[in-house]
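Student: Right, I'll just put the structure down here and ask away after.
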Amino acid sequence: LLLGFWRALYPKATMRSPQASSPRHVRSPVFTHECVSAVHTWARHHTTGFFVGHGNGLKSLTTSLGSFIDAATNESVPMLVDIGAGLYYPKGQREKYVLRDPDLDAPDESDALLWLRNLGARVSITAFEPRPDKALELAEAAATRPGTRNNSMRLTVHAGAVGGSEGNFTFANCHSGETGWQLAGNRSAAQLKKERCTVEYTVPVHTLDAWAARALPHGRSVFYLKVDTEGGEIAVLDGMSKLLARQRVELMSFEYAYGWHKTLYQPLWRLVAQGDIGTITYADAEAAGAPTLKSFVQRMEANSYDTYLVHGKPTVLVPVYGAFYNYSFEVCMQIRTYRQPWCWNDLLVVRRSN
């Protein structure tokens, strides 16, 4: 798959593939100067290209999972995991979004329901949704929609969050629409009231390592893991160190956006509307304890996984691991470079020896 994307982009470029070996002893890939130069040149000419809304690049990849499964797995029933799986739709349109099959390319469709509709009995799906009402709604949609009800038993819905440690999260509704839900965190009742937030739910928090120990049979792997948790992606990563070390996930996608560290990234990108050309340095990020694309890529590389920025319209996977990495790929820091209105992007992560 990746080689096909690569050949379509750069027919004359060459790259030596890493030799196959056991998961614990995967050799580092060798990069030619031509390949690295081609990727960096391409990126310089696509400075509006990583915005996730451009053709919903990740969505077009997830709808292709059937062909990926045919080509790349030995599992009889591959497992797909959707973290942040709830249906979020305009007020008053519940019947349209919950009880009917939407268009296949609907941008706000739950990936878990999309997989259930497209792949049905071929897969086993686990979905995590922290809002209890949305978790119930997801199960109802699976059992009611014409395109999913015959295979609804293939979907397991957990009403809970996924994070870096087991415990509980308290969620507050800050009344800014369907996605106005936030972690209450350490904010006092007075602070929550000042911010017009109302505490609604306290929900259990799972780590993927603990979930895998309970629910994933010995020797089985997750074929595809989708993580879209509105800024909680790094916490999810913190809770899956054993899965990564044992290479028990084949493909992963993570949202890469200002929510990784809102106090650092969000104010900067709000300046876009004011015509500001500010930027953030690594020193700023380190001082604030903010995750960066580089730190994410390095964590993945340590477990022999390669990371790609997803470029939309048309969908292109842009390598950002190893020698391909460049500071210009730090989209959340690069207000001077990227002319997109928001830092909101997707990453695809692939097990290297796949």
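The sequence shown begins at 581 in the numbering used here and counts up one residue at a time.
The beta-carbon is built from N, C-alpha and C at its ideal position, and this holds for glycine as well.
All values derive from a computational prediction rather than experimental measurement.
1. Tell me K806's beta-bridge partners as DSSP assigns them.
2. Pick from V898, E720, Y862, K822: whose alpha carbon is nearest that of S745?
3. For E775, does the three-state DSSP call read helix, strand or coil?
4. Based on the DSSP output, what are the partners of L928 in its beta bridges?
5. Along the chain, where does the beta strand (DSSP E) containing L735 start, and where does it finish?
6. The alpha helix (DSSP H) spanning L570 covers which residue range?
7. Where does T728 land, buried or exposed, given buried means 16+ other C-beta within 10 angstroms?
8. Going by the beta-carbon positions, is the gap between L693 and L667 smaller than 9 Å?
9. Please report the straight-line C-alpha distance between T724 and R794, rounded to a whole angstrom.
10. Starting from A643, trace the beta strand (DSSP E) in both directions and tell me its first and last residue.
11. Within 9 Å (strictly less), CB to CB, does R680 reach chain C?
12. Taking T736 as the reference, which of L927, A867, K842, L716 has the closest Cα?
13. Pop quiz: I663 and T895 are said to be a contact at Cβ under 8 Å. What is the actual Cβ separation, rounded to whole angstroms?
14. Report the three-state DSSP secondary structure of N731 (helix, strand or coil).
15. Compute the Euclidean distance between the alpha carbons of P710 and L805, then round it to the nearest angstrom.
16. Given a threshold of 16 other Cβ atoms within 10 Å of its Cβ, counted over all protein chains shown, does Y907 qualify as buried or as exposed?
17. Count Cβ pairs between the segment 747-754 and the segment 770-781 that sit closer than 8 Å; are there 3 or more?
Tutor: This is what the structure gives:
1. Its beta-bridge partners are D662, S833.
2. Checked all of V898, E720, Y862, K822; the closest Cα to S745 is K822.
3. Secondary structure of E775 (DSSP, three-state): coil.
4. Answer by DSSP bridge pairing, in chain order: S833, Y888.
5. Residue range 735-739 is occupied by the beta strand (DSSP E) that includes L735.
6. Look at the range of the chain in this structure, 581 to 934, and you will see that residue 570 is not part of it.
7. Sixteen is the threshold: when 16 or more other Cβ atoms of the shown chains lie within 10 Å of the Cβ of T728, as they do, the residue is buried.
8. For the pair L693 and L667, the CB atoms are nearer than the 9 Å cut-off.
9. Here the C-alpha atom of T724 lies approximately 29 Å from the C-alpha atom of R794.
10. Before going further, note that residue 643 is Thr rather than Ala in the sequence given. It is not in any beta strand (DSSP E) - T643 carries neither H nor E in the DSSP assignment.
11. Absence of chain C from the displayed structure is noted, only one protein chain being present.
12. Each of L927, A867, K842, L716 was checked against the Cα of T736, and the nearest Cα belongs to L716.
13. That belief does not hold up - the Cβ atoms of I663 and T895 are roughly 22 Å apart, past 8 Å.
14. DSSP, reduced to helix, strand and coil, places N731 within a helical segment of the structure shown.
15. Within the model, the alpha-carbon separation for P710 versus L805 is close to 17 Å.
16. By the beta-carbon neighbour count (other beta carbons within 10 angstroms, threshold 16), Y907 is exposed.
17. With the rule of 3 Cβ pairs closer than 8 Å, the segment 747-754 counts as touching the segment 770-781.
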